[in-house]
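Novice:
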Amino acid sequence: MDFPEDQIKELKSIAPDLSIAQDGGITYIRIDNLQLPDHCEPKIVNALLCPSHKDGYESSLFYSVIVTGIPSRNWNRNGVRILGESWYAISWKVNAGLRLAEMLQIHLRALR
Numbered sequence: 001m002d003f004p005e006d007q008i009k010e011l012k013s014i015a016p017d018l019s020i021a022q023d024g025g026i027t028y029i030r031i032d033n034l035q036l037p038d039h040c041e042p043k044i045v046n047a048l049l050c051p052s053h054k055d056g057y058e059s060s061l062f063y064s065v066i067v068t069g070i071p072s073r074n075w076n077r078n079g080v081r082i083l084g085e086s087w088y089a090i091s092w093k094v095n096a097g098l099r100l101a102e103m104l105q106i107h108l109r110a111l112r
């Protein structure tokens, strides 16, 4: 899956260290060194944005670790193997049809 260049550029303004990778026929956007809100622990993580329908979600944001210091959330995908690594995601619904940067920002609201 190719993403529009303007959307990648917009996403890079928020998360400059990103790359595109595929696993199991799904295209992911890997975001290294993603800065989380101040109250989160850790403050910086690696993340995978899945802008495609997967596991009943229109999109997902997977974290390299379970983030603490946030409201109680349902971490319903724990240790999911993607791209040879273990990832964690919160049960968080996001509407379809959003730009990549909007999608990331809405997923990050789960940490507030």
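The sequence shown begins at 1 in the working numbering and counts up one residue at a time.
Every residue gets a Cβ at the ideal spot worked out from N, C-alpha and C, and that includes glycine.
What does Ile31 pair with, by DSSP beta-bridge criteria?
Specialist: Its beta-bridge partners are Leu18 and Ala47.
Novice: Taking DSSP's pairing of strands, which residues face Glu58 in a bridge?
Specialist: Bridge partners of Glu58: none, in fact.
Novice: Going by DSSP, which residues form a beta bridge with Ile82?
Specialist: Ile82 pairs with Glu85.
Novice: Out of curiosity, what's the CA-to-CA distance linking Ile66 and Trp87?
Specialist: Roughly 9 Å between the two C-alpha positions.
Novice: If you draw a straight line from the C-alpha of Ile106 to the C-alpha of Leu11, how long is it?
Specialist: Computed Cα separation, rounded: 13 Å.
Novice: With a Cβ-Cβ cutoff of 8 Å, do Ser64 and Cys50 count as a contact?
Specialist: No, the pair does not count as a contact, with Cβ atoms beyond the cut-off.
Novice: Near Ile31, what residues of its chain come up, given a Cβ to Cβ distance below 6 Å and the 5 sequence neighbours on each side ignored?
Specialist: Cβ within range, chain order: Ala15, Leu18 and Ala47.
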